[in-house]
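Residue numbers (our numbering): 1 to 182.
No residue lacks a Cβ here, since even glycine has one placed at the ideal position from N, Cα and C.
Keep in mind the model is a prediction, meaning the values are calculated, not measured.
Notes follow the structure.
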Amino acid sequence: MKFRAKIVDTACLNHFTRVSNMIAKLAKTCTLRISPDKLNFILSDRVANGGVSMWCELEQENFFSEFQMEGVSAENNEIYLELTSENLSRALKTAQNARALKIKLTNKHFPCLTVSIELLSVSSSSRVVTHDIPVKVIPRKLWKDLQEPTVLDADVSIYLPVLKTMKSVVEKMKNISNHLIL
């Protein structure tokens, strides 16, 4: 298994960081599914137990200037990794003014997602900050539990106000009850 990707566009880097921050707020751990054309963040906590279930898909051509991967085999050309969401979010916090971001699957006594951030310095030379995020490689027999959910076609469309406005209203109502139905 091999994985290596690079982001050089600032807007893409900021968007990737925002996605990572959102996931870190939603769940402690997440699954990263790496395929030849997509990167997926999967949250599969039990909704019945108050957890969050989510499928976030990032097209590699929209984010990465370089993207190379080799899965577990030619017929199963995917990699599934479990990682602590907060670790990725913390690593990406240093990438705010970065020139480039490299992500690589490495093995440093244990599997790691190595995040290298190329930062500009005052002397116009660059410096590299590297974070090693421990990951757990998910075996193929468990992949069936992490497949994309089927979403039915919607019968109704609902237009909501700006999220800041809605958040403000919901926060004002949070002391009324443990449950709120919108």
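Taking all protein chains shown into account, Leu-120 has fewer than 16 neighbouring C-beta atoms within 10 Å of its C-beta and is therefore exposed. For Ile-158, the number of other beta carbons within 10 angstroms of its own is below 16, and it is reported as exposed.
Cys-30 is bridged by DSSP to Leu-83.
Judged by their CB atoms, Lys-102 and Ser-125 are not nearer to each other than the 8 angstroms cut-off. According to the DSSP assignment, Asn-62 belongs to no beta strand (DSSP E) but to the alpha helix (DSSP H) extending over 60-63.
In this structure, DSSP gives Asn-107 an extended state, which the three-state scheme calls strand.
For Met-69, there is no enclosing alpha helix (DSSP H); the enclosing beta strand (DSSP E) covers residues 66-70. The closest CA to that of Ser-53, considering only Thr-150, Thr-10 and Lys-167, is found on Thr-150. Annotation: Ile-138 to Leu-152 spans about 28 angstroms, alpha carbon to alpha carbon. Taking the Cα of Glu-61 as reference, the smallest distance to any Cα among Lys-136, Cys-30 and Ala-5 is reached at Ala-5. A check of alpha carbon separations from Lys-25 across Asp-155, Asn-14, Leu-43 and Pro-36 identifies Leu-43 as the nearest. Listed in chain order, the beta strand (DSSP E) runs fully inside the segment 107-174 are 111-120 and 126-137, counting runs of at least 3 residues. In this structure, the alpha-carbon of Lys-104 lies about 17 angstroms from that of Asn-77.
Pairing Leu-160 with Leu-83 gives a Cβ-Cβ distance that is not under 8 angstroms.
Pairing Cys-12 with Phe-67 gives a Cβ-Cβ distance that is not under 8 angstroms. Sequence-distant partners of Phe-16 (beyond 5 residues in either direction) whose C-beta falls short of 8 angstroms from its own C-beta, in its chain, are Ile-7, Leu-58, Phe-63, Leu-92 and Leu-101. Straight through space, the alpha carbons of Val-122 and Trp-55 are spaced by roughly 40 angstroms.
Cβ-Cβ separation between Ser-20 and Leu-88: approximately 5 angstroms, consistent with a contact (criterion under 8 angstroms).
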